[in-house]
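Asks:
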Amino acid sequence: MAQKEAVKQKAVTGQKMKMTPSEAIVETLVQENVKEIYGIVGSAFMDMLDLFPTAGIRFIPVRHEQSAAHMADAFTRVSGTAGVVIGQNGPGITNMVTSVAAAYQAHTPMVVISPSAGTPTIGWDGFQEADQVSIFKSITKETVRVTHTSRVADCLRTAFRIAYAERGPVLYDIPRDLFYGELEDQILEPHQYRTDARGSGDPALIQKAVELLKDAKNPVIISGRGAVDADGVETVVKISEHLSAPAAVSYMHNDAFPADHPLAVGPIGYMGSKAAMNTIKDADVLIAIGTRLSVFGTLPCYDIDYFPKNSKIIQVDINPRNIARTHPIEVGIIGDAKAAGEELYKQLLKVQPEPSKNTERMAEIAKRKEAWEQELVDLAMEPGNPINPRRALLELTRALPENTIISTDIGNVSSTANAYLKFNQTRRHIAALTFGNTGFAYPAAMGAQLAEPDTPVAAIIGDGAWGMSLHEVSTAVEQNIPVIACVFNNKSWAAEKKNQVDYYDNRFIGSDIEAPDFAEVAKSMGALGYTINKPEEIGPVVKEVLEKRKPAVLNIYVDGTQLAPPFRRDALKMPTRFLDKYKHLDHENWKK
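Residue numbers for the sequence shown follow the numbering used here, beginning at 1 and rising by one.
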């Protein structure tokens, strides 16, 4: 601590000091408020690793580097502080490709410290050499290369600056020999090299948006991740109340508007809310705040082609690349969701001082919501063998405390959860999003738990994805991270199985899973383990686990025949076969 204070003091006075590159890197991390770094120990960065405990940085050793970036991703989404990961050069870093790509698609600031081959041997195909910069170029906002020991702190500052400014991962590539040596430099505080302040957008466009909203008969709001990240959801609520405008949340961002608010209509996207979809369908003006309106997140669902074709769209996003990228707009505002929202609200008050009170519309919204909630319960209460997966989701959401952070994987049950998950606080819903890789939810839950140690955290995972995650139970036990893994076990890759039901005449190839008893496996790893075969068991088990505050695995057996609609109906076609050898597989030749 004394060393840290000395460095900060000299940074303020502009004095340089003698340091090793490892010290310069670690002190820059300290200034960036980095408390945890995720990865697997490796010789490439061991000189820097040795400094972590003294610097107050906790190294979280995972069992597979893919988990490291998922943890950092979720940590950032919950805390707002950019996560940091590190691994051995070569295979350690390349093991993170999938999870860094997922963070890139999720717009999550992250710094990947990427030790690479030493400068004396670059290009000789030495031990664990890989061109990591080229590998990561398309899945990061930038790849920053350290070219000299004197630049280590400067390059790391650049990495953080871009990660925050452009909302995504940045690769900080440093040849492993550049951790050693000496340099003279000053350690800067973040305000000296980056700013997080965002503007509210062009005043003329704000005014144009206000005029549209003022005259709208059926305005509807879609609130997204940008509103959450900007701490702007309360502002979205104020706009919604002033306009009597119902508010939906973008795909898998169910925490972007309080679910218990009378104007909340729920999530859009796959397995979202019919109340939201039927409300958006009638919008004459649609204001999308902090959302890119992704293609997948606005596809028809339940055979409802809900996204309006003729609505005038006002889109607010911090990234100009997202404006009108997927849907034509009337007004595009490049700005921070909170700052732009505040300005919109301020200008609305000038032209329309009194809130709109459309009691007829409010009654219609309430009716739609009530009907949808009843449909969800009715679907859940249909008998299953042994448990209807919807019933398990319903019982789980009823049992978990309101402030619980829930991470969701990808797959049939995990995606169905979109309909059942409701949040009244922000930074509660941590989903795999549109990169859609399995094995996300459990390490993400651990990262979320580290961001909020006293908050309950649960992960919703299918048994297929659990096969890619269960090795990290030993990490949770070792590091005392009390996350609850809710494994929905239908003995199949159910999303793909549903495709084989609907498109391939029940020919199940590669979609059935044989697995050990996950509860017993969890116990053998030092965690709590529960096997659940009845829906009535879920509530009491969750209560017990919350009281014990230990890592736990709930092996919930659910019916493998009760499946949600095909996940990628937009990309599937009925099979046609031309060769005689395969004619019997042609959909025209199936037995009706």
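Built from N, CA and C at the ideal position, the CB exists for glycine as well. Given the structure is predicted, the values throughout are model-derived calculations rather than measurements.
Name the DSSP bridge partner or partners of His429?
Replies: Ile406.
Asks: Opposite Asp512 in the DSSP bridges: which residues?
Replies: Looking at the DSSP assignment, Asp512 forms a beta bridge with Ser492.
Asks: On the criterion of 16 or more Cβ atoms from any shown chain inside 10 Å, does Met110 qualify as buried, or is it exposed?
Replies: Looking at its Cβ environment, which holds 16 or more other Cβ atoms inside 10 Å, Met110 is buried.
Asks: Going by DSSP, what residue range makes up the alpha helix (DSSP H) through Gly341?
Replies: Where Gly341 is concerned, the enclosing alpha helix (DSSP H) stretches over 337 to 351.
Asks: Would you report the Cα separation of Ala579 and Asp586, rounded to the nearest angstrom?
Replies: The amino acid at residue 579 is misidentified as Ala; the sequence shows Leu. The straight-line gap from Cα to Cα measures roughly 10 Å.
Asks: Quick one: residues in its chain with C-beta nearer than 8 Å to the C-beta of Lys543, no 5 flanking neighbours on either side, listed in chain order?
Replies: Correct list, in chain order: Ala399.
Asks: Where does Pro575 sit, in a helix, a strand or coil, going by DSSP?
Replies: Of the three classes helix, strand and coil, the one that applies to Pro575 here is coil, per DSSP.
Asks: Give me the Cα-Cα distance between Arg163 and Leu299, rounded to the nearest whole angstrom.
Replies: Note that residue 163 is Ala in the sequence shown, not Arg. Approximately 30 Å between the Cα atoms of the pair.
Asks: Determine the direct distance from the alpha carbon of Ile139 to that of Ser22, and round the result to whole angstroms.
Replies: Rounded to whole angstroms, Ser22 to Ile139 spans 26 Å at the Cα level.
Asks: Hey, Leu421 and Thr455 are a contact pair by Cβ (cut 8 Å); roughly how many whole angstroms apart?
Replies: Actually they are not in contact, since the Cβ atoms of Leu421 and Thr455 sit about 16 Å apart, beyond 8 Å.
Asks: How many whole angstroms separate the CB atoms of Ile594 and Gly335, which I take to be in contact at a CB cut-off of 8 Å?
Replies: The structure shown does not extend to residue 594, since the chain is modelled only from 1 through 592, so no value can be given for it.
Asks: Met1: buried (16+ other C-beta within 10 angstroms of its C-beta) or exposed?
Replies: Summary for Met1: the model assigns pLDDT 40, below 50, so the residue's position carries little reliability, and this model does not support an answer.
Asks: How big is the Cα-Cα spacing for Asn589 and Cys301?
Replies: In a straight line, the C-alpha of Asn589 is about 29 Å away from that of Cys301.
Asks: Could you give the distance in angstroms between the alpha-carbon of Gly226 and the alpha-carbon of Arg292?
Replies: Going by the C-alpha atoms only, they are around 9 Å apart.
Asks: By DSSP, does Lys4 sit in helix, in strand, or in coil?
Replies: With a pLDDT of only 44 at Lys4, under the threshold of 50, the placement of this residue in the model should not be trusted; the figure read from the coordinates follows. Correct three-state label for Lys4: helix.
Asks: Express the C-alpha separation of Ser134 and Lys548 in angstroms, rounding to a whole number.
Replies: Cα-Cα distance, rounded: 46 Å.
Asks: Could you tell me the distance, in whole angstroms, from the CA atom of Ala103 to the CA atom of Ala72?
Replies: About 9 Å.
Asks: Return yes when the Cβ of Ala69 is within less than 8 Å of the Cβ of Asn89, no when it is not.
Replies: No.
Asks: Within 10 angstroms of its Cβ, does Trp372 collect 16 or more other Cβ (buried), or is it exposed?
Replies: Buried, because 16 or more other Cβ atoms sit within 10 Å of the Cβ of Trp372.
Asks: Per DSSP, what are the beta-bridge partners of Ile556 in this structure?
Replies: In the DSSP output, where bridge partners are listed per residue, Ile556 has Phe488, Ile532.
Asks: Indicate the three-state DSSP secondary structure (helix, strand or coil) for Thr147 in the structure shown.
Replies: Looking at Thr147 - three-state DSSP - the assignment turns out to be coil, as it is neither helix nor strand.
Asks: Checking 8 Å against the spacing of the C-beta atoms, do Asp47 and Pro120 come in under that value?
Replies: Contact flag unset, no.
Asks: By DSSP's criteria, Ser223 is part of a beta bridge. Which residues make up the other side?
Replies: Bridge partners of Ser223: Val249, Ile289.
Asks: Mapping the DSSP letters down to three states, classify Gln562 as helix, strand or coil.
Replies: Of the three classes helix, strand and coil, the one that applies to Gln562 here is coil, per DSSP.
Asks: The alpha helix (DSSP H) that contains Phe59, what's its start and end?
Replies: Per DSSP, Phe59 belongs to no alpha helix (DSSP H); it is in the beta strand (DSSP E), 58 to 61.
Asks: Using the Cα positions of Phe52 and Pro453, report the straight-line distance between them to the nearest angstrom.
Replies: Cα to Cα, the separation comes out at about 20 Å.
Asks: For the alpha helix (DSSP H) holding Ser99, just list the boundary residues, first then last.
Replies: Residues 97 to 105.
Asks: Check Ile323 in the structure and name its three-state DSSP category.
Replies: Three-state result, Ile323: coil.
Asks: Ignore the nearest five residues each way along the sequence and tell me which others in Arg161's own chain have a CB closer than 7 Å to its CB.
Replies: For Arg161, where only same-chain residues beyond five positions count, the Cβ hits under 7 Å are Tyr193, Arg194.
Asks: Give me the Cβ distance between Ala259 and Phe423, rounded to the nearest whole Å; I'm assuming they're in contact under 8 Å.
Replies: Yes, Ala259 and Phe423 are in contact; Cβ-Cβ is about 6 Å, under 8 Å.
Asks: State the DSSP-derived secondary structure class of Pro258, mapped to helix, strand or coil.
Replies: In the structure shown, Pro258 sits in coil (DSSP, three-state: anything other than H, G, I, E or B).
Asks: Do you know offhand how far Pro516's Cα is from His327's?
Replies: Using only the alpha carbons, I get a separation of about 47 Å.
Asks: Any contact of the region 549 to 558 with the region 484 to 502, i.e. 3+ C-beta pairs under 8 Å?
Replies: Touching, yes.
Asks: Can you name the start and end residues of the alpha helix (DSSP H) that Ala267 belongs to?
Replies: Note that residue 267 is Pro in the sequence shown here, rather than Ala. Per DSSP, Pro267 belongs to no alpha helix (DSSP H); it is in the beta strand (DSSP E), 264 to 267.
Asks: Spatial neighbours of Val377 within its chain, please: CB distance less than 8 Å, with the 5 preceding and 5 following residues excluded, ordered by chain position.
Replies: These residues qualify, in order along the chain: Leu394.
Asks: How should Gly224 be labelled, buried or exposed, when 16 other C-beta atoms within 10 angstroms of its C-beta is the threshold for buried?
Replies: Answer is buried; the Cβ neighbour count reaches 16.
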